[in-house]
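Trainee: Note that numbering that gives the first Met the number 0 gives residue 119 to position 120 of the sequence shown, counting from 1, and the numbers run on in steps of one.
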Amino acid sequence: MNRAQQLEQLKQDLLSRREALTQALAGDLTMLQEMRRGAGDVVDFAADSAAEVLSTQLAQSASRELSNIELALLKMKKNCYGQCEECSQNIAWPRLEALPYAAHCIQCQRMLEELEEEERSYGRPISFPNLGTGSPSFRDSDLV
Ligand SMILES: [Zn+2]
0 MNRAQQLEQL KQDLLSRREA LTQALAGDLT MLQEMRRGAG DVVDFAADSA AEVLSTQLAQ
60 SASRELSNIE LALLKMKKNC YGQCEECSQN IAWPRLEALP YAAHCIQCQR MLEELEEEER
120 SYGRPISFPN LGTGSPSFRD SDLV
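#1: From what residue to what residue does the alpha helix (DSSP H) around Met172 run?
#2: Indicate whether Leu13 and Ala102 have their beta-carbon atoms separated by less than 8 Å.
#3: Which residue from Arg119, Asn1, Ser48, Ala19 puts its Cα closest to that of Ile68?
#4: For the alpha helix (DSSP H) that contains Cys107, what are its first and last residues?
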């Protein structure tokens, strides 16, 4: 496989993952609505709200992944896929194969994780002026 074929393969993976997530999210909403309808019973209330919290968390992580996938697909379209958002170096191919919507190279990813770790231990955000400024902002209309 050459690079273009590999890229096409990744794109197909992203598209089917997007499809699965979209369906999961749609199903999740249906589930939530059904739970609300049945929420008159006091005994089942605790179980219902626990399930609701879990399903909300799942929905949140699914929609986060979904937006990462959208972004990756958009980058493919704009021919800037596979570039680190922080340092603009090419992200190593094995990393992209493992995580097709990776936005950062492994070095920057580690640095960002360390930074998050430090923020947690300090209990306050550390200002990091370079963070997030390197990526262009996308509109929803670009994603079609
Ligand atoms: Zn980087």
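Where is the CB? At the ideal position from N, CA and C, for every residue including glycine.
Bear in mind the structure is a predicted one, so any value in this text is a computation, not a measurement.
Mentor: The structure says:
#1: Outside the displayed range of the chain (0 to 143) lies residue 172, so it cannot be described from this structure.
#2: Contact: no.
#3: Ala19
#4: Cys107 -> alpha helix (DSSP H) spans 105-121.
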